[in-house]
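Chains as they are written, first to last, in the numbering used here: chain Z, 7 to 863; chain C, 8 to 87.
All C-beta atoms in this analysis are idealised placements derived from N, C-alpha and C, irrespective of residue type, glycine included.
Keep in mind the model is a prediction, meaning the values are calculated, not measured.
One structure is given here, and the rest of the page talks about it.
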Amino acid sequence: MAEKIYKKIDEIDFSMQSPDFIKETSSAKIVTAELYEREGYPVDGGLMDVRLGVIDPGLRCKTCGGKLKECMGHFGHIELARPVMHINYATHAYNAMRSTCNECYRVKLNQVKLDDYAEKIKFAQKLGDYDRVRKLTKEVLAKSRLIKKCPHCKAKQEAVKIEKPTTYTQGEHRVNPIQVRERLEKISNEDAILLGFNPKTSRPEWMVMSVLPIPPVTMRPSITLESGERSEDDLTHKLGDIVRINQRLFENINAGAPEMIIEDLWDLLQYHITTYLDNSVSSVPPARHRSGQALKTLTERIKSKEGRFRNNLAGKRVNYAARTVISPDPCIGFNDVGIPESVATELTIPERVTEWNKEWLLKLIKNGPTQYPGANYVIWPDGKKKKITEETIEQILEELQHGFKVERHLIDGDQALFNRQPSLHRMSLMCHRIKVLPGRSFRMNPSVCNPYNADFDGDEMNLHVPQTEEARAEAEVLMEVQTQLITPKNGYNIIGCVEDSITGCYLLTRTKEMSKIEAIDLLTSIGIDNVKFSKEKVSGSEVFSTVLPEDFNFIRKNKQGETTVRVKNGKLEHGIIDKNTIGENNGELIREFYRKYGQDRTIELLGNIFQLGIQILLKKGFSTGVSDTDIPKEAIKKVDSKVQKAYNKLDEHIESYKKGKIEVLPGKTELETLEIRAMEILNKTRTEVGDYITELVGEGNPTLTMAQSGARGNVLNFTQMTGCIGQQALGGKRITRGYRGRTLSSFKEGDLGPEARGFVKNTFKRGITPTEFFFHAMTGRDSLMDTALRTPKSGYLYRRLANALQDLKIEYDRTVRNATKDIIQFQYGDDSIDVSKSEGGTINVVNAIHDVLGENV
Amino acid sequence: MAEKVKPTTINHILVPKQVICDEEEVSKVLSKYNIRKDQLPKVSIKDPSILALEVEAGDVIKISRSSQTEPTSVFYRVVV
Chain Z
7 MAEKIYKKID
17 EIDFSMQSPD
27 FIKETSSAKI
37 VTAELYEREG
47 YPVDGGLMDV
57 RLGVIDPGLR
67 CKTCGGKLKE
77 CMGHFGHIEL
87 ARPVMHINYA
97 THAYNAMRST
107 CNECYRVKLN
117 QVKLDDYAEK
127 IKFAQKLGDY
137 DRVRKLTKEV
147 LAKSRLIKKC
157 PHCKAKQEAV
167 KIEKPTTYTQ
177 GEHRVNPIQV
187 RERLEKISNE
197 DAILLGFNPK
207 TSRPEWMVMS
217 VLPIPPVTMR
227 PSITLESGER
237 SEDDLTHKLG
247 DIVRINQRLF
257 ENINAGAPEM
267 IIEDLWDLLQ
277 YHITTYLDNS
287 VSSVPPARHR
297 SGQALKTLTE
307 RIKSKEGRFR
317 NNLAGKRVNY
327 AARTVISPDP
337 CIGFNDVGIP
347 ESVATELTIP
357 ERVTEWNKEW
367 LLKLIKNGPT
377 QYPGANYVIW
387 PDGKKKKITE
397 ETIEQILEEL
407 QHGFKVERHL
417 IDGDQALFNR
427 QPSLHRMSLM
437 CHRIKVLPGR
447 SFRMNPSVCN
457 PYNADFDGDE
467 MNLHVPQTEE
477 ARAEAEVLME
487 VQTQLITPKN
497 GYNIIGCVED
507 SITGCYLLTR
517 TKEMSKIEAI
527 DLLTSIGIDN
537 VKFSKEKVSG
547 SEVFSTVLPE
557 DFNFIRKNKQ
567 GETTVRVKNG
577 KLEHGIIDKN
587 TIGENNGELI
597 REFYRKYGQD
607 RTIELLGNIF
617 QLGIQILLKK
627 GFSTGVSDTD
637 IPKEAIKKVD
647 SKVQKAYNKL
657 DEHIESYKKG
667 KIEVLPGKTE
677 LETLEIRAME
687 ILNKTRTEVG
697 DYITELVGEG
707 NPTLTMAQSG
717 ARGNVLNFTQ
727 MTGCIGQQAL
737 GGKRITRGYR
747 GRTLSSFKEG
757 DLGPEARGFV
767 KNTFKRGITP
777 TEFFFHAMTG
787 RDSLMDTALR
797 TPKSGYLYRR
807 LANALQDLKI
817 EYDRTVRNAT
827 KDIIQFQYGD
837 DSIDVSKSEG
847 GTINVVNAIH
857 DVLGENV
Chain C
8 MAEKVKPTTI
18 NHILVPKQVI
28 CDEEEVSKVL
38 SKYNIRKDQL
48 PKVSIKDPSI
58 LALEVEAGDV
68 IKISRSSQTE
78 PTSVFYRVVV
């Protein structure tokens, strides 16, 4: 399957333009700085000469005869009255002059050395080793530069000096560009090679400009202002200056003006040409507009962030896009995106007028661009586009026929691409359905925060509207939310229930009994109204079962681990639903749905479960507060006694350490052993306190409910609010920093007790002592710095990795190959497992067997 | 003058088994993956792990190593 290559570039040669070449390719000689005649027609021989291309509609180019957009423009030239240095070649010309003799213009090295270098350079060029060529020519320049006596003609050399940016002196005298040009002209071709030139394409003397190419007008178009006035491009302004000074210099020379005046004009010409090429040269004051703003000339057009590369080539801008703040709305589907009316009236979809939608489109046109379901533009079959305004509406309504296109406002159900930066994986850009809502923000279901990695602390997101049928179809098939349920990272579901919906389902399935009316009311609110319950009292599991398909079977452990969730024939027989079953990332129930019913059904079922969870909390009410962390006095005493017990135990260890009787762990010193023991004891205490409190508070506590269901927070957070904050650790060890032998001056030197080493006995609610606060702040600052420093580092690391791997692809023969089909890996992952079809990278063999045998789990 | 030390095979748990492929095997590999020799992954001729094999540029080395997912995985590299 050898690919045919028709043409292949193997070398690109960058070179200077010779004056002859500039004149040859020039289509017009520019002689006057005037731009337009009185009628507004471009002057012949002016900077907007029609031979340089056209920018006015209606005119034709005099060189190629093309109209606007057909003719891409032609270069012109001006003959400079006196040669001028090119700013970017100033140092090169300086180097060439320094390395050559003042009188015989040979490179100032003896013939043997010259021949040697010539041979070496020739050899390197033949190999195509241009780094080596560059190194050799640099060596020639460095060695010949400081030689005071020419080895060829024995002439004494006086050093040439450069005065930035473009003036050269030798001794007392100034070396003007004419002299520079003469000296460079006399360098032989052989010597030019040694100095790093390729004389076939670039002679050294071309670094001094005697002819200046004038770029085509298409490169510097003028803008017609609303007042009818023309505003010229920065380049045209600068070229005007150059032409004007050049003409004056010509006139003065011809009139035989004193050398002083000529030299002043010459310097001025040099200044203008320098700033024309680069307006940000240090030591040259930048040329400015009348308003004081610096001109954007050739170099500025290309360079830096606002330049051609980074702004126009690497990053492009699009139409039909919107951006605002995002906010949550749990009542809209995963697929939906809520957009404000102001966005819906601005973004449009071109709809072709047919016999079936004409009535409807006419109604939209009548509504116009301001009233919501309306339209902004109408496109005639010949491509003519008209805005719908009060003046045009009559005519448009009259002329509208089949085959026209109407750019109508977005309506509910239209496809749109929704995106959040940084777009690190494919789930960062998904297709949603439009839902026009009041307000000014984009609304999204909180469950799709995870794939976008979004939150609502002020995040903004982008929305793009595909404009063609093909684009919309592709977006729907490839990018809709349900196609992205499973992440290719590890095969887990990236979308699942979140926060309140988990709490809700947890509470529901924990409910032993509820009245029939309550249950029906709940189910009706999520749109399920065909359920019959035979008994007056129903359990939560029965209600939950109504959203499960009838042929669904499932057995898995839930978050607590000890209870099993068992679904048989669509009935939740046992267990409580929590994060491990319906949550995002490894929500096993959802993955089972996906395996069995496919993406579309899964998103529907998941949506129902999500809504059910939300509605339960809406009906029951759910809230947390400080009072959640209230515990009785006896309990506080119990906690204290637990902590005290640990203190006593630790004291025993410290005692035995001080006596040298501690049992040393292998590979550790006595002190290390003690520290390990201390950490063990104190951490165990906190766990014990946590367990005790969890048991004490029981099921009714909302904070604990959230932690246990996995909706938000964990039991540790709760323990720290109610029981005991616990040991503060830096780098896995108790705190030892501070003074010699103690952490704070209020402790005795060598105090190894819990308080002196960062144990916090109190709780967040009760308040902590200043000492405790200090230790807690230490660990707090440590982890803050850690995250603050790690996030950008790892982000950049990931970016580099993703860029390096971006065009790798698994071929049909399971090899990993890059764009040129070179092999990177012979078998993907050494086992050819498609991670997106696995569970965390491994295939669940039991499941696979069950699938093949058609058995239920 | 010190005599040039003859390189020896590095016997270490982290250095995988490497052998030079004969011509037949090379052509088999190339036709299996439908590639030219220069499309194979590369290994430097100065790589310490293959010094003892006394390879020449253009030889293909067969590397059998253990991986995270499979007990042994076979890899081919062309010496450059």
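Point to revise | Sequence-distant residues of its chain with Cβ nearer than 6 angstroms to serine 150/Z (five each side left out) | key: Locating residue 150/Z in the first sequence gives position 144, counting from the first residue. The residues are Ser105, Val113, Lys114 and Leu115.
Point to revise | Residues from the stretch 62 to 87 of chain C in contact with chain Z, defined by Cβ distance under 8 angstroms | key: Of all residues in the stretch 62 to 87 of chain C, only Ser74, Gln75, Thr76, Glu77, Ser80, Val81, Phe82 and Tyr83 come within less than 8 angstroms of chain Z when Cβ atoms are compared, listed by chain position.
**Study point:** Three-state class that DSSP yields for isoleucine 52/C in the structure shown
**Key:** On the second sequence, position 45 is the one that residue 52/C refers to. In the structure shown, isoleucine 52/C adopts coil according to DSSP, grouped into three states.
Review point. Between which two residues does the beta strand (DSSP E) carrying glycine 344/Z extend?
Key: In the first sequence, residue 344/Z corresponds to position 338, counting from 1. That run of the beta strand (DSSP E) goes 342 to 346.
Check your understanding: Thinking C-alpha only, which one of Lys154/Z, Lys128/Z, Lys132/Z and Leu271/Z is nearest alanine 87/Z?
Key -> Your numbering for residue 87/Z matches position 81 in the first sequence. Selected option, being the one with the closest Cα: Leu271/Z.
**Study point:** Where the stretch 821 to 846 of chain Z meets chain C: residues whose CB sits under 9 angstroms from a CB there
**Key:** Within the stretch 821 to 846 of chain Z, the residues whose Cβ lies closer than 9 angstroms to some Cβ of chain C are Thr821, Arg823, Thr826, Lys827, Asp828, Ile829, Ile830, Gln831, Phe832, Gln833, Gly835, Asp836, Asp837 and Ile839, listed in chain order.
Review point. Would DSSP call methionine 712/Z helix, strand or coil?
Key: Locating residue 712/Z in the first sequence gives position 706, counting from the first residue. Methionine 712/Z falls in the helix class under three-state DSSP.
Exercise for review: Note down, in chain order, every chain Z residue with its Cβ under 9 angstroms from the Cβ of leucine 47/C.
Suggested key: Walking along the second sequence from the start, residue 47/C turns up at place 40. By Cβ distance, chain Z contributes Asp828 and Ile829.
Check your understanding: Are any of the Cβ atoms in chain Z nearer than 8 angstroms to that of isoleucine 27/C?
Key -> Counting from 1 along the second sequence, the entry for residue 27/C is found at position 20. Answer no: the Cβ-Cβ gap between isoleucine 27/C and chain Z never drops below 8 angstroms.
Practice item. May I have the straight-line CA-CA distance separating cysteine 156/Z from glutamate 164/Z, to the nearest angstrom? Key: Taking the first sequence and counting its residues from 1, the one referred to as residue 156/Z is at position 150. Taking the first sequence and counting its residues from 1, the one referred to as residue 164/Z is at position 158. The straight-line gap from Cα to Cα measures roughly 11 angstroms.
Point to revise | Cβ shell of tyrosine 6/Z (< 7 angstroms), same chain only, five flanking positions each side left out | key: With chain Z running from 7 to 863 in the structure shown, residue 6/Z is simply not present.
Practice item. Assign leucine 864/Z to one of two classes, buried (16 or more other C-beta atoms within 10 Å of its C-beta) or exposed (fewer than that). Key: Chain Z is shown from 7 up to 863; residue 864/Z falls before or after that span and cannot be answered.
Point to revise | Listed by chain order, chain C residues near aspartate 335/Z by CB distance under 7 angstroms | key: Counting from one through the first sequence, the residue named residue 335/Z turns up at place 329. Neighbours of aspartate 335/Z on chain C: none; closest Cβ ~43 angstroms, over 7 angstroms.
Check your understanding: What distance in whole Å lies between the Cβ atoms of alanine 381/Z and glutamate 413/Z, which are believed to be in contact at a cut-off of 8 angstroms?
Key -> On the first sequence, residue 413/Z is found 407 positions in, with the first residue counted as 1. On the first sequence, residue 381/Z is found 375 positions in, with the first residue counted as 1. The distance from the Cβ of glutamate 413/Z to that of alanine 381/Z is about 6 angstroms, consistent with a contact at the 8 angstroms cut-off.
Point to revise | Separation of glutamine 734/Z from serine 333/Z, as counted between CA atoms | key: Against the first sequence, residue 333/Z aligns to sequence position 327. Against the first sequence, residue 734/Z aligns to sequence position 728. Whole-angstrom Cα-Cα distance: 37 angstroms.
Check your understanding: Using 8 angstroms as the limit for Cβ to Cβ distance, is methionine 7/Z near chain C?
Key -> Within the first sequence, the letter at position 1 stands for residue 7/Z. Since pLDDT at methionine 7/Z reaches only 49, below the 50 mark, its modelled position is unreliable, and no value is offered.
Review point. Based on the DSSP output, what are the partners of glutamate 357/Z in its beta bridges?
Key: The residue labelled residue 357/Z in the question sits at position 351 within the first sequence. DSSP, once it has assigned bridges, lists Val412/Z as partnering glutamate 357/Z.
Exercise for review: Let me know if leucine 859/Z comes out buried or exposed under the rule of 16 or more other beta-carbons within 10 Å of its beta-carbon.
Suggested key: By 1-based counting over the first sequence, the position of residue 859/Z is 853. Per the 10 Å Cβ criterion, exposed.
Point to revise | Segments assigned beta strand (DSSP E), at least 3 residues, entirely inside the stretch 135 to 170 of chain Z | key: Segments of the beta strand (DSSP E) lying fully in the stretch 135 to 170 of chain Z: 166 to 169.
Practice item. In angstroms with no decimal places, state the Cα-to-Cα distance between methionine 7/Z and isoleucine 20/C. Key: Position 1 of the first sequence, counted from the start, is the residue given in the question as residue 7/Z. Position 13 of the second sequence, counted from the start, is the residue given in the question as residue 20/C. With a pLDDT of only 49 at methionine 7/Z, under the threshold of 50, the placement of this residue in the model should not be trusted; the figure read from the coordinates follows. The straight-line gap from Cα to Cα measures roughly 40 angstroms.
Exercise for review: Please name the residue or residues paired with serine 333/Z in a DSSP beta bridge.
Suggested key: The count along the first sequence starts at 1 and reaches residue 333/Z at position 327. Beta-bridge pairing links serine 333/Z to Arg449/Z.
**Study point:** Length of the line joining the Cα atoms of lysine 53/C and alanine 64/C
**Key:** For this step, residue 53/C is matched to residue 46 along the second sequence. For this step, residue 64/C is matched to residue 57 along the second sequence. Taken atom to atom, the span from the alpha-carbon of lysine 53/C to that of alanine 64/C is near 10 angstroms.
Exercise for review: Check whether the stretch 342 to 361 of chain Z touches the stretch 400 to 412 of chain Z, counting contact only when three or more Cβ pairs, one atom from each stretch, lie closer than 8 angstroms.
Suggested key: Yes, since at least three Cβ pairs between the stretch 342 to 361 of chain Z and the stretch 400 to 412 of chain Z fall closer than 8 angstroms, the two stretches touch.
Practice item. Within its chain, find whatever has a CB closer than 6 angstroms to the CB of cysteine 67/Z; leave out the 5 residues flanking it on each side and keep chain order. Key: Translated into the one-based positions of the first sequence, residue 67/Z becomes position 61. Gly59, Val60 and Cys77, listed in sequence order.
Point to revise | Status (buried if at least 16 other CB within 10 Å, exposed otherwise) for tyrosine 802/Z | key: Stepping through the first sequence from its first residue, residue 802/Z is reached at position 796. Around the C-beta of tyrosine 802/Z, fewer than 16 other C-beta atoms lie within 10 Å, and the residue is accordingly described as exposed.
Practice item. Would you tell me roughly how many angstroms separate the C-alpha atoms of tyrosine 136/Z and lysine 29/Z, rounded to the nearest one? Key: Within the first sequence, the letter at position 130 stands for residue 136/Z. Within the first sequence, the letter at position 23 stands for residue 29/Z. In this structure, the alpha-carbon of tyrosine 136/Z lies about 31 angstroms from that of lysine 29/Z.
Point to revise | Proximal chain C residues relative to aspartate 819/Z, where beta-carbon distance stays under 7 angstroms | key: What you label residue 819/Z is simply residue 813 of the first sequence in a count that begins at 1. Neighbours of aspartate 819/Z in chain C, taken as residues at a C-beta separation under 7 angstroms, are given in chain order as Tyr40.
**Study point:** glycine 747/Z to arginine 763/Z span [Cα, whole Å]
**Key:** Here residue 747/Z is taken as the residue at index 741 of the first sequence, counted from 1. Here residue 763/Z is taken as the residue at index 757 of the first sequence, counted from 1. About 11 angstroms.
Review point. Looking at the C-beta of valine 863/Z, does it have a partner C-beta in chain C at a distance below 8 angstroms?
Key: As a working mapping, residue 863/Z is identified with position 857 in the first sequence. Confidence is the limiting factor: at valine 863/Z the pLDDT is only 49, short of 50, which leaves the residue's position unreliable and the question unanswerable from this model.
Point to revise | Endpoints, alpha helix (DSSP H) assigned at phenylalanine 781/Z | key: Working through the first sequence from its first residue, we reach residue 781/Z at position 775. First-last of the alpha helix (DSSP H) with phenylalanine 781/Z: 776 to 811.
Check your understanding: CA-CA distance, lysine 541/Z and serine 429/Z?
Key -> Mapped onto the first sequence, residue 541/Z falls at position 535. Mapped onto the first sequence, residue 429/Z falls at position 423. Going from the Cα of lysine 541/Z to the Cα of serine 429/Z covers about 52 angstroms.
**Study point:** Residues near leucine 231/Z by beta carbon distance below 8 angstroms, same chain, minus five either side
**Key:** The count along the first sequence starts at 1 and reaches residue 231/Z at position 225. Contacts found: Ser237.
Check your understanding: Ordered along the chain, which non-local residues of its own chain (more than five positions away) have a Cβ less than 8 angstroms from that of tyrosine 378/Z?
Key -> Counting from 1 along the first sequence, the entry for residue 378/Z is found at position 372. Sequence-distant Cβ neighbours of tyrosine 378/Z in its own chain, meaning closer than 8 angstroms and more than five residues away, are Glu347, Ala350, Thr351, His415 and Val442.
Exercise for review: Check arginine 314/Z in the structure and name its three-state DSSP category.
Suggested key: Stepping through the first sequence from its first residue, residue 314/Z is reached at position 308. In the three-state DSSP reduction, arginine 314/Z falls in the helix class (H, G or I).
Review point. Any contact of the stretch 501 to 515 of chain Z with the stretch 582 to 591 of chain Z, i.e. 3+ C-beta pairs under 8 angstroms?
Key: Touching, yes.
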